[in-house]
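To keep things clear, I will list the structure first and then write my remarks on it.
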Amino acid sequence: MPKRLRKTVLNSETREFVVRLRDYFAREQQNGGPLLPLDNVRDRVADALGIGKATVSRITKEKFGESSMEENKLSTPKKKKCNRVHPVTSPDDFDMAAIRNHIYVYYFRGELPTCKMLLTSLKSASLV
């Protein structure tokens, strides 16, 4: 058995497949031979992994192609991005300048601006 150079972490689904394969081979050992005929490779793989025959065929076609001569890389579907509409919450340059001017007016009058005071003055100027 070839030694692997780098250890890889298997995700939970892959670990589940390993457990299914082990159980399948244990059942074959208890049976004293193969559960399904050796000629039915696709059926044996589907039964051992607990997946459908069509899934085995589709993955095999993706890996080896129609001619079974070339060897392709298996791909997984990309994660779908959520196309949410984000509300416009950031003020534009004009609003930023108006808010800044309101704050400057408070400092000019010698007052310490608080959020409550600023909010009331911005509402009266209809900026909020």
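Per this note's numbering, the very first residue in the sequence shown carries number 1; after that it's consecutive. Every residue gets a Cβ at the ideal spot worked out from N, C-alpha and C, and that includes glycine.
* For Ala-48, count neighbouring C-beta atoms within 10 Å of its own C-beta (all shown protein chains included) and say buried if the count is 16 or more, exposed if not. => Taking the first residue of the sequence shown as 1, we reach residue 48 at position 48. So Ala-48 ends up on the buried side.
* Locate the alpha helix (DSSP H) running through Leu-38, then write down its first and last residues. => Locating residue 38 in the sequence shown gives position 38, counting from the first residue. First-last for Leu-38: undefined, no H or E at that position.
* Leu-74 versus Pro-87, Val-85, Ile-59, Glu-66, residue with shortest Cα-Cα distance -> Taking the first residue of the sequence shown as position 1, residue 74 is located at position 74. Comparing Cα-Cα distances from Leu-74 to each of Pro-87, Val-85, Ile-59, Glu-66, the minimum goes to Ile-59.
* Nonlocal neighbours in the same chain, by C-beta distance under 8 Å from Glu-70, ignoring five residues either side -> Here residue 70 refers to the residue found at position 70 of the sequence shown. Leaving aside the five residues that flank Glu-70 on each side, the residues in its chain whose CB is nearer than 8 Å to its CB run, in chain order, Phe-64.
* To do: With DSSP collapsed to three states, give me the class of Ile-99.
  => Along the sequence shown, read from residue 1 onward, the residue named residue 99 stands at position 99. In this structure, DSSP gives Ile-99 a helical state, which the three-state scheme calls helix.
* Would Leu-127 count as contacting chain B if we go by Cβ distances under 8 Å? -> The structure shown contains no chain B, having only a single protein chain.
* Select from Gly-50, Glu-13, His-102, Glu-28 the residue whose C-alpha is nearest the C-alpha of Thr-120. => Position 120 of the sequence shown, counting from 1, holds the residue named residue 120. Nearest of Gly-50, Glu-13, His-102, Glu-28 to Thr-120, Cα basis: His-102.
* **Secondary structure of Ser-90, DSSP reduced to three states** => The residue labelled residue 90 in the question sits at position 90 within the sequence shown. Secondary structure at Ser-90: coil, using DSSP grouped into helix, strand and coil.
* Asked: Does the distance from the CB of Arg-20 to the CB of Gly-50 come in under 8 Å?
  -> Looking up residue 20 in the sequence shown gives position 20. Looking up residue 50 in the sequence shown gives position 50. Taking 8 Å as the Cβ cut-off, Arg-20 and Gly-50 qualify as a contacting pair.
* Indicate whether Arg-42 and Lys-53 have their beta-carbon atoms separated by less than 8 Å. => Within the sequence shown, numbered from 1, the residue matching residue 42 stands at position 42. Within the sequence shown, numbered from 1, the residue matching residue 53 stands at position 53. A contact, by the Cβ cut-off of 8 Å.
* Span of the alpha helix (DSSP H), counted from its first residue to its last, around Arg-27 -> Mapped onto the sequence shown, residue 27 falls at position 27. It spans 12 to 31 - the alpha helix (DSSP H) in which Arg-27 sits, taken as one unbroken run.
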